[in-house]
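Beneath this line is the structure, given in structure tokens, with notes to follow.
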Amino acid sequence: MKELQEKEVMNINDPTYLVYLYTPLCGTCKVGGKMLEVVEEMLPSIPFYKINLNFSPRLAKQWKVESVPCYILLSGNDIVNMEYTFQSVSHLYDTIKQKAAL
Numbered sequence: 001m002k003e004l005q006e007k008e009v010m011n012i013n014d015p016t017y018l019v020y021l022y023t024p025l026c027g028t029c030k031v032g033g034k035m036l037e038v039v040e041e042m043l044p045s046i047p048f049y050k051i052n053l054n055f056s057p058r059l060a061k062q063w064k065v066e067s068v069p070c071y072i073l074l075s076g077n078d079i080v081n082m083e084y085t086f087q088s089v090s091h092l093y094d095t096i097k098q099k100a101a102l
């Protein structure tokens with residue numbers, strides 16, 4: 001997963017992509033990040049990015065992020081899916097694959 005700064009997120013040109021939002025001191029975020037790394041390997045056609053929400057207040061407000069960890073699946077600038085509960089790798093895989101229409 002490539003780490004981005006807030007301004008870089010606005011310049012993503014991929015048609016469909018996932019942005020993982022986390023904070024470094026969040027233990028649940030560490031687990032969620034590892035789960036998404038597994039899913040990323042299973043879905044190589046979707047680019048995965050991550051961003052430290054501590055340094056991205058505008059994105060948090062724009063996307064109405066309520067807590068971390070959180071992933072947002074986007075198609076262009078449109079939010080396709082936003083999820084805070086990372087139940088399992090298989091749940092993440094199935095949900096992301098379905099919502100990305102792969």
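With UniProt numbering applied, the sequence shown corresponds to residues 1 to 102, in that order. C-beta atoms are modelled at their ideal positions from N, C-alpha and C, and glycine is treated no differently.
Going by DSSP, what residue range makes up the beta strand (DSSP E) through I12? What you label residue 12 is simply residue 12 of the sequence shown in a count that begins at 1. Per DSSP, I12 lies in no beta strand (DSSP E) segment and is marked neither H nor E.
Compute the beta-carbon to beta-carbon distance between M1 and L43, rounded to the nearest angstrom, for a pair I have assumed lies under 8 angstroms. Here the question's residue 1 lines up with position 1 in the sequence shown. Here the question's residue 43 lines up with position 43 in the sequence shown. The pair is not a contact, with the Cβ atoms about 12 angstroms apart (cut-off 8 angstroms).
With V19 and I51 assumed to form a contact (beta carbons below 8 angstroms), what rounded beta-carbon distance in angstroms separates them? Taking the first residue of the sequence shown as position 1, residue 19 is located at position 19. Taking the first residue of the sequence shown as position 1, residue 51 is located at position 51. Separation of the CB atoms of V19 and I51 is rounded to 6 angstroms, and the pair is thereby assigned contact status at 8 angstroms.
If the criterion is Cβ atoms closer than 7 angstroms, does the pair M82 and I96 meet it? Sequence index remark: in the sequence shown, residue 82 carries index 82 (1-based). Sequence index remark: in the sequence shown, residue 96 carries index 96 (1-based). Not closer than 7 angstroms, so no.
Ends of the beta strand (DSSP E) at L4? Here residue 4 is taken as the residue at index 4 of the sequence shown, counted from 1. Neither: L4 is in no beta strand (DSSP E) and is coded neither H nor E.
May I ask you to list the residues that DSSP assigns as paired with Y22? In the sequence shown, counting from the first residue as 1, residue 22 sits at position 22. The beta-bridge partner set that DSSP reports for Y22 consists of N52.
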